[in-house]
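Participant: One structure, as structure tokens, below. Some questions next.
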Amino acid sequence: MAGAGYDDNNVFAKILRGEIPCRKVYEDAHALAFHDINPQAPVHVLVIPKGRYVSMRDFAATAAPDAVAGFFRAVGKIAAQLGLDDPGYRILANHGPDSHQEVPHFHVHIFGGKRLGPMLAGGRTPPKA
Ligand code: AMP
-19 MAGAGYDDNN
-9 VFAKILRGEI
1 PCRKVYEDAH
11 ALAFHDINPQ
21 APVHVLVIPK
31 GRYVSMRDFA
41 ATAAPDAVAG
51 FFRAVGKIAA
61 QLGLDDPGYR
71 ILANHGPDSH
81 QEVPHFHVHI
91 FGGKRLGPML
101 AGGRTPPKA
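Mapping the sequence shown onto my numbering, position 83 (from 1) lands on 63, and the numbers just tick up by one.
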């Protein structure tokens, strides 16, 4: 069910309601994008859907098809508007404890503006016990 377990007091919910400011780069019916407060690359933008989705599992399983399509089209459009199509960029979405997801509102990170290096920090990781 959409919104199950969603915390309406998470920081991105507050940004969506306009209770906390953000450095907005894009907004349409399906998505809001703003600069990350603690950038990990020269360009680090967060894209969030407007609905109440905790994480990727929730969004993929419960969002309406037009919301999913609209959201991912917005991600592509924003990366292009940021001038990242030619040099390239990375998108990332964290889900759950192993990923270290901090904010429980589904979001996609867009990173760019430099050579981003290997896909994961630290390289090879031992399997979980
Ligand atoms: P994640 O670990 O995938 O949940 O990422 C959460 C991201 O949200 C982190 O990169 C934070 O720096 C970022 N963040 C937290 N609070 C804010 C805020 N008020 N405005 C912009 N970015 C934020």
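The C-beta atom is built at its ideal place from N, Cα and C for all residues, glycine as well. Treat the numbers as computed from the prediction; the structure is a model and nothing was measured.
(1) Considering only C-alpha positions, which residue in the set G31, R(-3), G93 is nearest to V25?
(2) Determine, using beta-carbon pairs with one atom in the region -8 to 12 and one in the region 44 to 53, whether at least three such pairs fall under 8 Å.
(3) Counting only runs that start and end within the region 3 to 76, where is the beta strand (DSSP E) found for 3 or more residues in a row?
(4) Between which residues of its own chain and I0 is the CB-CB distance below 6 Å, once the five residues before and five after are set aside?
(5) Quick one, are the C-beta atoms of A59 and I28 less than 8 Å apart?
(6) Could you spell out where the beta strand (DSSP E) holding F(-8) opens and where it closes?
(7) Alpha carbon to alpha carbon, what distance is there between L96 and Q20?
(8) Can you list, in chain order, the residues of its chain with a C-beta nearer than 7 Å to that of P67? Leave out the 5 residues immediately preceding and following it.
Facilitator: If we stick to the structure as given:
(1) What you label residue 25 is simply residue 45 of the sequence shown in a count that begins at 1. The candidate whose alpha carbon is nearest that of V25 is G93.
(2) yes
(3) 4 to 7, 11 to 15, 23 to 29, 69 to 72
(4) To locate residue 0, count along the sequence shown from 1; it is residue 20. Cβ neighbours of I0 beyond the five flanking positions: K(-6).
(5) Position 79 of the sequence shown, counting from 1, holds the residue named residue 59. Position 48 of the sequence shown, counting from 1, holds the residue named residue 28. No.
(6) Indexing the sequence shown from 1 puts residue -8 at position 12. Unbroken run through F(-8) is the alpha helix (DSSP H), -9 to -4; no beta strand (DSSP E).
(7) Here residue 20 refers to the residue found at position 40 when the sequence shown is read from its first residue. Here residue 96 refers to the residue found at position 116 when the sequence shown is read from its first residue. Taking the straight line joining both Cα atoms gives about 10 Å.
(8) On the sequence shown, position 87 is the one that residue 67 refers to. Same-chain partners within the cutoff: G92.
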